[in-house]
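Going by numbering that gives the first Met the number 0, the first residue of the sequence shown is number 0, and it counts up by one from there.
Just so you know, even glycine gets a beta-carbon here, dropped at the ideal spot from N, CA and C.
To start, the structure under review is shown below, and the notes come after it.
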Amino acid sequence: MFNCDVAAIDLTPMPLLSTNSATLSADSVATVSPLVDDSERSNAVHATDIAIAALPEWLVQINDDISRALERGVNIRQLVTARSCVIDDLLIALFNWFELDKTDLALFATGGYGRGELSLYSDVDILLLTPNEITADSSEKIDNLVALLWDIGLEPALSVRSVSECLEAAQDHTIASTLLEARLLIGNEELQEVPHKIVNTQWSPRDFYEVKIAEAKSRYLQHNATEYNLEPNIKTAPGGLRDIHIIGWVTKRYFRVSKLYDLVQQNFLTEKEFDELNFAEGYLWQIRHYLHELTGRNENKLLFDYQREIAQLMGYETQPDDQPNAAVERFMRDYYRCAMQISTLSEMLTNHYYETIIEPQLPDEERPKKHPINARFNQVGEQIAMSHHRVFAQHPESILEMFLLMGQYGIKNVRTHTLRALKIAARGIDQVYRDNPTHQALFLANLKEQNYLFHRLRTMNRYGVLGSYIPAFAQVTGLMQYDLFHRYTVDAHTLFLIRILHRFTDPRFSEEFPLVSSIFQRIERKEILVLAAMFHDIAKGRGGNHSLLGETESIEFCLAHGMSTADAHLVGWLTRYHLLMSMTAQKKDISDPEVVTLFADLVGNVTHLNHLYVLTVADMNATNPQLWNSWRATLMKQLYSQTRRILRADIDAPTNRQDMISATRKQALAMLDNVDNQHMNRDEVLRLWDDLGDEYFLREIAEDILWHTEAILNHPPLGRASDADSTPLVVLREHRELALDAVQVFVYTQDQVNLFAVTMAVFDQMNLDVLDARIITATRDFALDSYVLLDRSGTLLVDIDSQQELKQRLIDAFKNPTVPKLTHRKIPRQLRHFDVATTINFEFNEASNQHIMSLETLDQPGLLARVGQVFLQQKIEVHAARITTLGERAEDMFYISDQDDLALSADKLETLKATLIESLSIRNDC
């Protein structure tokens, strides 16, 4: 039992159950002694019925009492303990009421309940243990107890076992973990120590440690092995409550302690470490309380649905100058920092247990061997360790020297006693330390040493070295952006970017990144890119342009560390323009030579281009795993290649539209010569290509041109596919460049004013998402439209009927001038929690005499179908489109004119903009 002053928290008392009054139930009145008169029996039964009937409401009231106490400022730790005490009182009373106290049973609280940690809707894990087999009488009483617990809404996780059954069950390490936390509530006191003895019998300290560590690694993988998930599970994710529990499990097996603070008295845990764990655990408990309160269930996932409201409940308020998401971002930043602190301490302390408890008991041949590295450090097995406990105090430069040695000697990990000393020493890194030339040289040497660079920087970050040495980096630790696009916090993204840079030197990734790998490997000063990576997002969260602020800080840092002016300004330039290449490739028409020429002018030289290309590819991969795909890789490679030719003044490089058209036709023709197809002779192909127009060869790639050509020429009647009376051509094929389950659809039909709107409406009706669109009109008024679609049900690729249905729906819709009615689908759960303002801009393209319309808005079902309807209503002709989805944000481009291919007037553009904004402002959240 815990000492718990429930009255001090002002919890509603439990309804009183008459002592031993289970026998006074209505079904067993006749068994009561005749010495008890009828009125006494009746009163007892009535009082008991009232008490039992009041229990469900009382449990609800207890939760409300706890919530009100939290509002008054009562510490959350007192409240989770208080709820455990309340449930203790209830179970003890019911144990007696059902006369289980007259059996040889013992009632234990196990798991989190055994630790005395119950949130509002936490699982109530209990064990009924008996020395022998359960008797029929006891079994009936247990059934009645369980039935009542369910009736009153407690829903316990109950195990009923004999000692022998418990011994067998404890072979499962998860059950063994709950037994380690078993706490006797009432009953057979002779069984009090049995659960712990069972675990000691079934598990050696080493075996139990190894199985729990393996379980933790498996659990981490289920959560992407990061603390920084957008919707983290605060119990099981890295840095969650489970990481604190595992410290208790492995140590309780050896030290026989019941509370975490007992490990301080065992000199296993320091007071400082206990305080850090205690604070972080309390923070997570408070979040968990609000999750339970808001959902009315045992919810541990901190979904977008709850983040804003919990931030407000925990006191995160929006300040006058804040951005709209500032409060929730501050809340999640503090959560991520707590999670990182917990996971770091959990890893360190479990390793400390192994090094101090398990390792000394190993056979000599299994113990790690110690080899001196220098006077200050040793290599112990595969770890580095300081040679004595005052190394960092006596030689402050050894803080950075240690990490350099790890790279030079290929050492990935650090002994825990060294980590403890490192964490303390990192607090002493100040401006004097940072200004020391020896320390500056060591820091730059660390960045030049590529071996295990990510792992070394990760350890620096976790133990306070990196944030102390670069204070601006400490400000972005745990900083997240409240959106679906940026998957990681700024610090995690930065380190991941550096890890990807290293992959460009790894042969295992050469097929995935062929061009960028060869470029990176030829760059001699790789620390230039590492520094640009470290500073490219370092000014986020301050307001203003983070690229410009980062440029200034990066140049100052480099010059202060003795780098040349040229190198410092290259780092600064990369920091300032780190978004330039990705934005140009994704948001501009890189088939337009003028766009590429302007980009080349900004880049200036091949050295800048090589560095920017490598940094951009790594940045995109480190931002969101779903962002990088073959399509974007092709765009980036195309932009790089075209720009490099311009910067090198390559006389063979296409420098204008006609040159690019000729180059594409030449490439496609070369591919045609390698195709064995009786329906595709050279003369037919060239005649068709002459009809398709220049725009087609500017926007399509050679591989797709060949696919389209074969489909058109083979479309019956042979050689007559482009006749006005021909049936529209619709062909499908697998497409894995944008998504694994994508389908590419090619449409060739006579052009008509409602073609885009009709096509989008059909896709919407079939619940197909458009990932990319290329809309081209041939010189003979035939449309050549290509779409990449994602089928959410995953059947279009394999279901012939679904493919035929799509083809037929499109063909029927093309013949019918009426635009199909749009379907109304709910906005997905995650998207409902984001407000993305709809912005529309127009830019006139003189070469094509068209306007380029840029649309940014919330991604939502049927978005393009609604846009298509507006275009139809406003008599807008769509000549090309580029579809881009970045998390919750859609960023699409359309090349438009009026239906006579004339440029749109200023009034028409304003009307179109207003109509689109009005149409897209209607949300279907329900």
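Worksheet item: Under a Cβ-count criterion, where at least 16 other Cβ atoms within 10 Å of its own Cβ denotes burial, should L547 be classed as buried or exposed?
Response: As a position in the sequence shown, residue 547 is number 548, starting the count at 1. Exposed is the call here.
Worksheet entry | Top-ranked residue by Cα proximity to I243, from L262, I882, F503 | On the sequence shown, position 244 is the one that residue 243 refers to. Answer by Cα proximity: L262.
Item to complete: Quick one: grab the DSSP three-state call for M679.
Response: Taking the sequence shown and counting its residues from 1, the one referred to as residue 679 is at position 680. Here M679 sits in coil by DSSP.
Discussion item. Quick check on H288: buried or exposed, where buried means 16 or more other Cβ atoms within 10 Å of its Cβ?
Written reply: Within the sequence shown, numbered from 1, the residue matching residue 288 stands at position 289. It counts as buried.
Practice prompt. Check whether the Cβ atoms of L179 and P194 sit closer than 9 angstroms, and answer yes or no.
Written response: Counting from one through the sequence shown, the residue named residue 179 turns up at place 180. Counting from one through the sequence shown, the residue named residue 194 turns up at place 195. Yes; because the gap between Cβ atoms is below 9 angstroms, this pair is in contact.
Item to complete: State the Cα-Cα distance for the pair A473 and V529, rounded to the nearest angstrom.
Response: By one-based count along the sequence shown, residue 473 stands at place 474. By one-based count along the sequence shown, residue 529 stands at place 530. Approximately 17 angstroms, taken between the alpha carbons.
Discussion item. Relative to the C-alpha of Y408, which candidate in P395, F391, I383 has its C-alpha closest?
Written reply: Counting from 1 along the sequence shown, the entry for residue 408 is found at position 409. The shortest Cα separation from Y408 among P395, F391, I383 belongs to I383.
Worksheet item: Are three or more beta carbon pairs between the region 151 to 169 and the region 66 to 85 nearer than 8 angstroms?
Response: no
Item to complete: Keeping to the same chain, check which residues put their C-beta closer than 8 angstroms to that of V413; ignore five residues upstream and five downstream.
Response: For the purposes of this step, residue 413 is identified with residue 414 of the sequence shown, where counting begins at 1. Excluding sequence neighbours, V413 sits near Q382, I383, A384, M401, M405, L421, T458.
Practice prompt. Check whether the Cβ atoms of G692 and T776 sit closer than 9 angstroms, and answer yes or no.
Written response: Residue 692 sits at position 693 when you count from the first residue of the sequence shown. Residue 776 sits at position 777 when you count from the first residue of the sequence shown. A contact, by the Cβ cut-off of 9 angstroms.
Item to complete: Can you check DSSP and say which residues form a bridge with L126?
Response: Within the sequence shown, residue 126 is the residue found at index 127, counting from 1. Looking at the DSSP assignment, L126 forms a beta bridge with F107, S158.
Worksheet item: If you draw a straight line from the alpha carbon of L789 to that of A741, how long is it in whole angstroms?
Response: As a first step, residue 789 is located in the sequence shown; it is residue number 790 there, counting from the start. As a first step, residue 741 is located in the sequence shown; it is residue number 742 there, counting from the start. Going by the C-alpha atoms only, they are around 5 angstroms apart.
Discussion item. Please list the terminal residues of the continuous beta strand (DSSP E) segment that includes K369.
Written reply: Counted from its first residue, the sequence shown places residue 369 at position 370. It spans 369 to 371 - the beta strand (DSSP E) in which K369 sits, taken as one unbroken run.
Worksheet entry | Every unbroken alpha helix (DSSP H) within the region 514 to 587, with a cutoff of 4 residues, ordered by chain | 525 to 534, 545 to 559, 564 to 575, 579 to 586
Practice prompt. Can you tell me the Cβ-Cβ gap for S158 and L117, rounded? I've got them flagged as a contact below 8 angstroms.
Written response: Taking the first residue of the sequence shown as 1, we reach residue 158 at position 159. Taking the first residue of the sequence shown as 1, we reach residue 117 at position 118. That pair is no contact at about 18 angstroms.
Practice prompt. Could you tell me which residues DSSP puts in a beta bridge with A970?
Written response: Summary: the structure shown does not reach residue 970, with the chain confined to residues 0 through 925, and so no result is reported for it.
Worksheet item: Can T349 and A215 be called in contact, C-beta distance under 9 angstroms?
Response: For this step, residue 349 is matched to residue 350 along the sequence shown. For this step, residue 215 is matched to residue 216 along the sequence shown. Yes. Within cutoff.
Worksheet item: Can you round the beta-carbon distance between D591 and A846 to whole angstroms, since I take them to be within the 8 angstroms contact cut?
Response: As a working note, residue 591 is residue 592 in the sequence shown. As a working note, residue 846 is residue 847 in the sequence shown. Right, their Cβ atoms sit about 7 angstroms apart.
Practice prompt. Out of F556, T914, F495, H878, point me to the one whose CA is closest to D897's CA.
Written response: Reading the sequence shown from its first residue, position 898 is the one you call residue 897. Out of F556, T914, F495, H878, H878 has the C-alpha closest to the C-alpha of D897.
Item to complete: Give the DSSP-derived three-state secondary structure of D434 in the structure shown.
Response: Here residue 434 refers to the residue found at position 435 of the sequence shown. Of the three classes helix, strand and coil, the one that applies to D434 here is helix, per DSSP.
Worksheet item: By Cβ distance below 7 angstroms, which residues in the same chain neighbour Y432 in space, the five residues on each side in sequence not counted?
Response: Here residue 432 corresponds to residue number 433 of the sequence shown, with the count starting at 1. Same-chain partners within the cutoff: P395, H438.
Discussion item. Could you tell me the alpha carbon to alpha carbon distance between T838 and A889, rounded to whole angstroms?
Written reply: In the sequence shown, residue 838 corresponds to position 839, counting from 1. In the sequence shown, residue 889 corresponds to position 890, counting from 1. Cα to Cα, the separation comes out at about 11 angstroms.
Worksheet entry | Backbone CA spacing between T417 and Y462 [nearest angstrom] | Taking the sequence shown and counting its residues from 1, one reaches residue 417 at position 418. Taking the sequence shown and counting its residues from 1, one reaches residue 462 at position 463. When rounded, the distance between both Cα atoms is 11 angstroms.
Item to complete: Using DSSP bridges, identify the partner residues of L728.
Response: Your numbering for residue 728 matches position 729 in the sequence shown. Beta-bridge pairing links L728 to Y747.
Discussion item. Tell me the DSSP secondary structure of K665 in three-state form.
Written reply: Indexing the sequence shown from 1 puts residue 665 at position 666. DSSP places K665 in helix when its eight states are reduced to three.
Fill in: C-beta atoms of T235 and N299 nearer than 9 angstroms
As a first step, residue 235 is located in the sequence shown; it is residue number 236 there, counting from the start. As a first step, residue 299 is located in the sequence shown; it is residue number 300 there, counting from the start. Yes, the pair counts as a contact, with Cβ atoms nearer than the cut-off.
Discussion item. On a Cα-Cα basis, can you pick out the residue from G540, I518, G549, T177 that is closest to A532?
Written reply: Mapped onto the sequence shown, residue 532 falls at position 533. For A532, the nearest C-alpha among the options comes from G549.
Worksheet item: So H568 and L614 are in contact, right, with Cβ under 8 angstroms, and what is the actual spacing, rounded?
Response: Walking along the sequence shown from the start, residue 568 turns up at place 569. Walking along the sequence shown from the start, residue 614 turns up at place 615. The pair is not a contact, with the Cβ atoms about 15 angstroms apart (cut-off 8 angstroms).
Worksheet item: Can you list, in chain order, the stretches of the beta strand (DSSP E) that have 3 or more residues and sit fully within the region 748 to 817?
Response: 767 to 776, 781 to 790
Practice prompt. To the nearest angstrom, report how far apart L259 and P231 are at their CA atoms.
Written response: Mapped onto the sequence shown, residue 259 falls at position 260. Mapped onto the sequence shown, residue 231 falls at position 232. Cα to Cα, the separation comes out at about 25 angstroms.
Worksheet item: Taking the alpha-carbon positions, what's the F841 to F755 distance?
Response: As a working mapping, residue 841 is identified with position 842 in the sequence shown. As a working mapping, residue 755 is identified with position 756 in the sequence shown. Cα-Cα distance, rounded: 19 angstroms.
Fill in: Nearest-angstrom Cα separation, counted from K665 out to T933
Lying before the first or after the last residue shown, residue 933 is absent from the chain, which here runs from 0 to 925.
Worksheet item: Apart from the five residues on each side of it in sequence, which residues of its chain come closer than 8 angstroms, Cβ to Cβ, to R647?
Response: For the purposes of this step, residue 647 is taken as residue 648 along the sequence shown, with counting starting at 1. Here the set comprises V605.
Practice prompt. Tell whether a beta-carbon distance below 9 angstroms holds between Y227 and Y352.
Written response: Taking the sequence shown and counting its residues from 1, one reaches residue 227 at position 228. Taking the sequence shown and counting its residues from 1, one reaches residue 352 at position 353. No, Cβ-Cβ distance for Y227 and Y352 is not below 9 angstroms.
Worksheet entry | Segment contact flag, the region 197 to 205 with the region 167 to 183, C-beta cutoff 8 angstroms, min 3 pairs | yes
Discussion item. Tell me the residue span of the alpha helix (DSSP H) that contains N199.
Written reply: Along the sequence shown, read from residue 1 onward, the residue named residue 199 stands at position 200. It spans 193 to 201 - the alpha helix (DSSP H) in which N199 sits, taken as one unbroken run.
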